[in-house]
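*Asks:* Can you keep this structure in mind? I'll have questions shortly.
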Amino acid sequence: MNPSDAFIEIDHVTFGYDSARPILSDISLSFPRGKVTAILGSSGCGKTTLMRLIAGVHSADAGRVVFDGEVVDIRDRARLFRLRRRLGMLFQFGALFTDLTVFENVAFPLREHTDLPEALIRDIVLMKLNAVGLRGAAPLRISEVSGGMARRIALARAIALDPELIMYDEPFAGLDLISMGVAAKLIRTLNDVTGATSLVVSHDVPECMSISDHVVLMAAGGRIVAQGTPAELMSSSDPETRQFTRGEPDGPVKFHYPAPDIGADFGVAAR
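The sequence shown begins at 95 in our numbering and counts up by one.
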């Protein structure tokens with residue numbers, strides 16, 4: 095990839111929540127500008143951690159995270175908040191304010207980060223809700239909407255400030271097949287219409303392969319197993335890539351977490 099095409103660069107990044115167990119180990123990645131990139135991998139491999147580093151929630155222990163040519167530095171609060179103003183985040187479970195209406199949830203970032211008049215905020219909120227098919231749900235309480243609707247409301251809030259980068263953390267988790275298809279179509283459509291760069295963290299291989307331009311497959315320890323177009327990963331002969339993309343129970347990724355011989359735990363002599 096040409097460096098000018100990369101909107102986010104992960105440059106030899108190492109990170110761990112404690113020194114004993116690094117989550118990411120010297121990884122380097124580039125996420126193409128204006129494209130949908132899916133980050134796939136098993137639980138605990140560092141997918142969500144990677145998004146937190148991009149958002150400046152944590153600082154890398156080593157290496158650099160570069161956001162459109164600027165290094166993400168959590169010590170420079172003014173620059174960090176300016177960069178965050180350019181991104182939208184769809185959290186795994188929506189993270190909606192349950193004591194606010196649908197309208198007020200979407201209006202929240204506009205009121206927090208802009209000085210726009212209420213009349214304009216109203217128009218923007220209704221346009222964002224219309225984009226996700228929920229303009230008619232504006233007066234409802236969060237307790238009155240379904241899980242799939244809540245995810246779409248959270249997406250409307252995430253795009254309220256017209257972000258250049260949209261990050262989705264498990265956008266398909268817990269959704270029925272229809273809601274999943276709606277969510278996938280929205281991610282692709284919003285990316286194409288707005289020209290944003292989208293990062294999708296997910297376990298759902300079929301949906302991600304159907305909407306992504308670029309796919310990164312991660313494994314335990316923050317290793318990058320494979321990356322490329324959806325077609326390249328689906329046709330890969332690498333055993334680990336094949337096991338994950340096809341959901342095969344047997345392969346390089348084992349079911350059991352590493353443990354001593356079972357006889358040692360139960361006081362039985364090994365034979």
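Here a beta-carbon is modelled for each residue, glycine too, at the ideal position from N, C-alpha and C.
Alpha carbon to alpha carbon, what distance is there between Ile117 and Tyr111?
*Replies:* Between Tyr111 and Ile117, the C-alpha separation is close to 7 Å.
*Asks:* Find out if the Cβ-Cβ distance for the pair Leu280, Arg246 is shorter than 8 Å.
*Replies:* Their beta carbons are under 8 Å apart, which means Leu280 touches Arg246 by this criterion.
*Asks:* Does the Cβ-Cβ distance between Phe266 and Ala248 come in under 8 Å?
*Replies:* Result no, Cβ atoms of Phe266 and Ala248 do not sit closer than 8 Å.
*Asks:* Thinking C-alpha only, which one of Arg171, Arg176, Val196, Ala100 is nearest Asp162?
*Replies:* The shortest C-alpha separation from Asp162 is found at Ala100.
*Asks:* Are the beta-carbon atoms of Ala314 and Gly138 separated by less than 8 Å?
*Replies:* In contact: Ala314 and Gly138 (Cβ atoms closer than 8 Å).
*Asks:* Beta-carbon within less than 6 Å of Val299's beta-carbon, same chain only, minus the 5 sequence neighbours each way: which residues are those?
*Replies:* The residues are Thr339.
*Asks:* Quick check on DSSP: helix, strand or coil for Phe125?
*Replies:* Looking at Phe125 - three-state DSSP - the assignment turns out to be strand.
*Asks:* Could you say if the segment 284 to 303 and the segment 137 to 154 meet the contact criterion of at least three C-beta pairs nearer than 8 Å?
*Replies:* Yes, they touch.
*Asks:* Could you tell me which whole beta strand (DSSP E) segments of length 3 or greater appear in the segment 265 to 302?
*Replies:* Counting only runs of 3 or more, we get 291 to 296.
*Asks:* Considering Cα atoms alone, identify which of Leu177, Leu223, Arg317, Phe175 is closest to Glu198.
*Replies:* Closest by alpha carbon: Leu223.
*Asks:* Measuring CA to CA, which of Pro257, Ser240, Ile133 is closest to Leu269?
*Replies:* Of the listed residues, the one whose Cα sits closest to Leu269 is Ser240.
*Asks:* Who are the Cβ neighbours of Gly322 in its own chain at under 7 Å, not counting the five residues just before and after it?
*Replies:* Cβ neighbours of Gly322 beyond the five flanking positions: Val309.
*Asks:* For Ile148, does the count of other Cβ atoms within 10 angstroms reach 16, so buried, or fall short, so exposed?
*Replies:* Buried: at least 16 other Cβ atoms inside 10 Å.
*Asks:* What residue range is occupied by the uninterrupted alpha helix (DSSP H) comprising Arg229?
*Replies:* Element bounds for Arg229: n/a, residue is neither H nor E.
*Asks:* Who are the Cβ neighbours of Gly316 in its own chain at under 6 Å, not counting the five residues just before and after it?
*Replies:* Ile117, Leu118, Ser119, Ile121, Gly140.
*Asks:* Work out the CA separation of Phe185 and His350 for me, nearest whole Å.
*Replies:* In this prediction, His350 scores a pLDDT of 46, lower than 50, which makes its location untrustworthy; the coordinate-derived value is nonetheless stated afterwards. For His350 and Phe185, the distance between alpha carbons rounds to 29 Å.
*Asks:* Where does the unbroken beta strand (DSSP E) through His106 begin, and where does it stop?
*Replies:* Here the beta strand (DSSP E) through His106 covers 100 to 109.
*Asks:* Give, in chain order, every unbroken run of the alpha helix (DSSP H) that is at least 4 residues long and sits entirely within the segment 134 to 190.
*Replies:* You should have 141 to 148, 171 to 178.
*Asks:* Which residues in the same chain as Ser306 place their Cβ atom closer than 6 Å to its Cβ, once the five residues preceding and following it in sequence are excluded?
*Replies:* Around Ser306: Val130, Ala132, Pro324.
*Asks:* For the alpha helix (DSSP H) containing Gly322, list its first residue and its last residue.
*Replies:* From DSSP, Gly322 is part of no alpha helix (DSSP H) but of the beta strand (DSSP E) over 317 to 322.
*Asks:* Tell me where the alpha helix (DSSP H) around Asp217 begins and ends.
*Replies:* First-last of the alpha helix (DSSP H) with Asp217: 212 to 225.
*Asks:* Determine whether the beta carbon atoms of Ala231 and Val196 lie at a separation below 8 Å.
*Replies:* Closer than 8 Å, so yes.
*Asks:* Whole angstroms is fine: what's the gap from Thr335's alpha carbon to Ile168's?
*Replies:* Their backbone Cα atoms lie some 34 Å apart in a straight line.
*Asks:* Go ahead and pull the three-state DSSP assignment for Ser119.
*Replies:* Looking at Ser119 - three-state DSSP - the assignment turns out to be strand.
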